[in-house]
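Notes follow the structure.
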Ligand SMILES: Nc1ncnc2c1ncn2[C@@H]1O[C@H](COP(=O)(O)OP(=O)(O)O)[C@@H](O)[C@H]1O
Ligand SMILES: [Mg+2]
């Protein structure tokens with residue numbers, strides 16, 4: 002690439018990045034502004050103040066919400082990774098009649114939007130008495146066609162001779178799963194885990210439905226609550242809340258990325 | 022050291038035609054038994070049935086003295102080496118070698134002792150802490166062998182273990198595997214598509230084609246007395262020259278070149294087989310025929326001469342030493358008539374003479 006071309010490419014990338022990031026950066030800046038500054042159309046706060054953050058924590062129990070979100074997202078992630086990997090293992094390594102048909106049906110549930118199953122799920126959870134509990138927030142998400150699909154593709158790349166060698170050695174299915182399949186598929190598992198965590202973190206409708214108690218509500222609902230309380234006057238406070246909410250997400254992405262790269266260069270099959 | 026017996030073993034996958042069509046064999050304890058045949062003939066299926074990785078459709082498999090049809094792989098007391106080695110990529114060489122020993126309730130100290138022994142025997146002691154991907158193909162192969170050795174199983178199965186190695190290494194590993202097998206006295210069932218491996222390693226071998234046994238026996242017996250045209254063309258390198266011919270009133274006519282007086286065969290169409298080394302340069306007092314040289318390959322200690330017999334049909338002769346024939350040159354060759362094999366033109370089965378003593382005389 003010539004010098005001119007390089008300049009052009011980088012300029013283009015910078016502009017694109019600026020456009021992409023503008024909302025987030027602006028939200029970040031607003032969170033440091035005082036009262037009416039947003040409405041005056043300021044792009045840069047006249048003075049950086051933490052008042053909005055203090056305000057945000059006082060107005061709603063943000064810490065409780067953050068904690069709840071963390072627990073719920075973590076449980077959903079754990080549940081999805083465990084159940085998906087076990088299901089995928091069965092679909093790849095254990096031959097049984099109708100395996101492909103079952104898998105096809107399993108996968109076709111991906112075409113049913115989550116909202117369509119919301120009502121029956123709600124009724125089930127209600128009947129089980131799981132409203133306002135972590136169980137009600139997490140268990141309905143444990144079975145996940147997408148995760149199973151993703152891990153099945155990964156497990157299929159494991160040579161079947163590894164499984165056969167284990168059989169000849171007398172290793173049990175579960176032990177093979179734990180001590181060969183899991184470590185070999187570390188990268189995919191981490192990727193799936195991150196995806197699950199983020200999706201769970203951003204969940205809004207379901208927590209809204211099954212909780213009405215502050216003790217178990219998640220942070221996305223807290224945000225909404227804050228926004229409707231503050232209606233347009235105190236945008237700074239709302240944005241402070243938003244920043245608090247996206248911070249863990251960003252953190253996870255950065256940490257995960259490093260872990261992912263490690264996984265790609267180290268643990269993977271040749 | 023256990024015997025393995027196959028009694029009319031049949032195997033089919035679902036509705037597909039049978040892959041194995043009634044295999045019978047008795048493998049002796051401590052024997053090096055080679056299963057050889059072209060790709061897709063059912064060798065791996067056979068081996069996997071013995072290992073218990075595939076189910077038998079029909080027939081009986083006996084390992085030691087018990088019926089093993091329904092035993093699980095680990096109940097059969099055997100070890101297996103796979104073509105792609107099946108090493109666990111996330112474990113070190115040492116962990117790979119000891120993998121699964123704990124299931125057999127072997128004490129840790131004994132595990133380590135066996136691992137050391139096997140590593141020593143195969144010369145991989147220096148790599149015990151490495152991961153498989155940090156090893157060369159030959160070293161990985163040795164790790165796979167070590168993993169089979171440490172189990173101390175009386176039977177070892179190998180499925181084309183050398184086919185991913187280069188020719189030189191393959192030749193060396195052939196003799197190493199053979200020596201280890203002899204030293205440990207284990208029963209070895211070894212699958213290969215390479216007839217050289219079969220010839221050089223086997224105590225006895227079984228030649229398989231399209232799921233049917235073609236011949237079982239000692240390598241030299243099979244080489245000298247192939248049961249049919251398939252075996253004749255499969256065993257030996259270069260392969261036996263096969264050509265249609267016919268017997269007419271006690272005379273065998275080959276391509277209008279040779280007329281050979283035969284005794285003890287009935288008149289009719291036959292296929293004759295001549296080993297490349299049974300075709301001789303015409304200087305030994307035998308009557309000879311003129312042939313045109315099509316190609317010459319000098320291999321140092323021996324020379325392969327291809328010549329046209331009739332039309333496009335070519336024969337290959339193998340002569341000791343270095344010969345320098347020109348392409349297109351007319352050579353005089355003759356056939357060692359004691360080494361001609363006759364096969365049925367239709368079935369390809371070997372024709373036994375009706376008389377006891379074979380008398381062939383060449384008349385030109
Ligand atoms: N799982 C299977 N399902 C259907 N057919 C199979 C299966 N495994 C092997 N076969 C068929 O069985 C035949 C013999 O295969 P195999 O034993 O692997 O041959 P090879 O002698 O090359 O080792 C082949 O024609 C192959 O297509
Ligand atoms: Mg095979």
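Chains as they are written, first to last, in my numbering: chain A, 2 to 271; chain B, 22 to 385. The beta-carbon is built from N, C-alpha and C at its ideal position, and this holds for glycine as well.
- The continuous alpha helix (DSSP H) containing residue 164 of chain A extends over residues 161 to 170.
- Residue contact check for residue 168 of chain A against chain B: a CB pair falls below 8 Å.
- One alpha carbon belongs to residue 72 of chain B, the other to residue 30 of chain B, and they sit about 14 Å apart.
- Using a Cβ distance threshold of 8 Å, residue 123 of chain A and residue 211 of chain A count as a contacting pair.
- Shown here, residue 69 of chain A sits in a helix according to DSSP, grouped into three states.
- Among the residues of chain B, none has a CB under 8 Å from the CB of residue 80 of chain A; the nearest is roughly 25 Å distant.
- Your pair residue 113 of chain B and residue 151 of chain B checks out as a contact, with CB atoms roughly 6 Å apart and the cut at 8 Å.
- Taking every protein chain shown into account, the CB of residue 180 of chain B has 16 or more other CB atoms within 10 angstroms, so this residue is buried.
- In terms of Cβ geometry, residue 46 of chain A and residue 33 of chain A form a close pair [threshold 8 Å].
- Sequence-distant Cβ neighbours of residue 253 of chain B in its own chain, meaning closer than 6 Å and more than five residues away, are 247, 261 and 294.
- Contact with chain B is found for residue 172 of chain A, since one of that chain's Cβ atoms lies less than 8 Å from the residue's Cβ.
- According to DSSP, residue pairing for residue 213 of chain A in a beta bridge does not occur.
- Any heavy atom of ligand 1 within less than 5 Å of a residue's beta carbon puts that residue on the list, which reads B/34, B/40, B/60, B/61, B/62, B/63, B/64, B/65 and B/66.
- At least one heavy atom of ligand 2 is found less than 7 Å from the C-beta of residue 181 of chain B.
- Closer than 8 Å to the CB of residue 103 of chain A there is not a single CB belonging to chain B.
- Here residue 297 of chain B has 259, 337, 338 and 339 as same chain residues with Cβ atoms under 6 Å from its own Cβ, once five neighbours each way along the sequence are excluded.
- When DSSP reads this structure, residue 335 of chain B sits in a beta bridge with B/329.
- For residue 54 of chain A, the CB contacts under 6 Å within the same chain, skipping 5 residues up- and downstream, are 241 in chain order.
- When the Cα atoms are used, residue 59 of chain B and residue 131 of chain B turn out to be separated by approximately 41 Å.
- Within the stretch 151 to 162 of chain A, those residues whose Cβ lies closer than 8 Å to any Cβ of chain B are, in chain order, 160 and 162.
- Within the same chain, Cβ atoms closer than 6 Å to the Cβ of residue 25 of chain B are found at 48 and 84, the five residues on either side in sequence being excluded.
- Pairing residue 208 of chain B with residue 51 of chain B gives a Cβ-Cβ distance under 8 Å.
- Bridge partners of residue 211 of chain B according to DSSP: B/55 and B/179.
- In the DSSP annotation of this structure, the continuous segment of the alpha helix (DSSP H) that includes residue 102 of chain A starts and ends at 100 to 109.
- Taking a C-beta distance under 8 Å as the contact criterion, residue 86 of chain A and residue 152 of chain A qualify as a contact pair.
- Spatial neighbours of residue 101 of chain B in its own chain (CB-CB distance under 6 Å, excluding positions within 5 residues in sequence) are listed in chain order as 72 and 178.
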